[in-house]
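Working notes, structure below.
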Amino acid sequence: MDKVAIDLHIHSLLSPCGEEEMTPNNIVNMALIKELDFIAVTDHNTAKNLPAVMAVAKEMAKETEKGLCILPGIEVTTKEEAHILAYLPTLEAAMELDQIIYQHLPDVMNEKALFGPQTIMDENDQIIGEVDKLLISATDIGVDQLFKIVTDLGGILVPAHIDRKSYSLISSLGFIPLELDVKTCEVSKKETFENVKKNFRFFKDYQFIHGSDAHQLEDMAEREFFLELPDMRRQTLIHYLG
Ligand SMILES: [Zn+2]
Ligand SMILES: [Zn+2]
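Under the working numbering, read the sequence shown as residues 39 to 280, first letter to last.
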């Protein structure tokens, strides 16, 4: 068993609320400085910076001989206005989910002056495009439908920051639907697992992880949140979470 340091909820500058410093290279370098083992860059309703993030991590692994594993992910806003982390086994599966989500976003365009740019970068942190639809809109995908889509792609769901009063599955529905076959819920950095379990008794049946939900570099997790995993394969982590 290995003690694996994780931060599975990080936003790049592609999220309208993500700071400009959250470039693919800066995120990967910061994760290496902090000596994290497994990270996930989970932008709102998009995976379009994941090709760059994963390319950078691969390149850095060659240069530094330090292994940083990337779990492909997206923070999806369901039609219930709940934020759900979707984790996928491969970049290809994440890009497929990206396509599906884009079709389910309303035709509301991003107003840069209001929300900031939604920047897509390559592995050299060069800007290669922007997403035109506003990414913080809710999709019209229900949480049960999302479960089916993501499962079909080999992935799993983790309801995000379930202790929060807005944009969580608990704040929008008040409970986790029993038919929703999730095993793990994410709790904000500041809240304790014990408190959450005390406040919502049905949470006794779930396991928890912490994620930083970082929108700037300094907010990324330190080597502070650990999982016990037998190896460092993505599939192992996905199996543990779902
Ligand atoms: Zn969120
Ligand atoms: Zn987030």
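Note that CB positions come from ideal geometry on N, CA and C, so glycine has one too.
Any chance the CB of residue i is under 7 Å from a heavy atom of ligand 2?
i: D251; result: yes
i: T115; result: no
Could you tell me which residues DSSP pairs with residue i in its beta bridges?
i: F76; result: I44 and C107
i: V114; result: I122
Since residue i contacts residue j with CB under 8 Å, what's their CB separation in whole angstroms?
i: N148; j: K117; result: Contact doesn't hold; Cβ gap of about 20 Å is too wide.
i: I179; j: H142; result: 5 Å
i: I214; j: F240; result: 7 Å
i: T189; j: N83; result: The pair is not a contact, with the Cβ atoms about 18 Å apart (cut-off 8 Å).
i: S175; j: V196; result: Not quite, the Cβ-Cβ distance comes to about 21 Å (not below 8 Å), so this is no contact.
i: K228; j: Y244; result: The pair is not a contact, with the Cβ atoms about 19 Å apart (cut-off 8 Å).
Look up residue i in the DSSP assignment and say whether it is helix, strand or coil.
i: I214; result: coil
i: Q199; result: Note on residue identity: the sequence assigns His, not Gln, to residue 199. Coil, per DSSP.
i: L267; result: strand
i: E176; result: Strictly speaking, residue 176 in this sequence is Ala, with Glu absent from that position. Note: A176 maps to coil in three-state DSSP.
Measure the Cβ-Cβ separation of residue i and residue j and say whether it is below 8 Å.
i: D163; j: T230; result: no
i: V225; j: I200; result: yes
i: E97; j: E161; result: yes
i: V181; j: L126; result: no
i: L135; j: A120; result: no
i: A132; j: L106; result: no
i: A198; j: H47; result: yes
i: I108; j: V91; result: yes
i: F153; j: P54; result: yes
i: L88; j: Q156; result: no
Quick one: does the C-beta of residue i sit closer than 7 Å to a heavy atom of ligand 1?
i: H121; result: yes
i: H248; result: no
i: E118; result: no
i: H142; result: no
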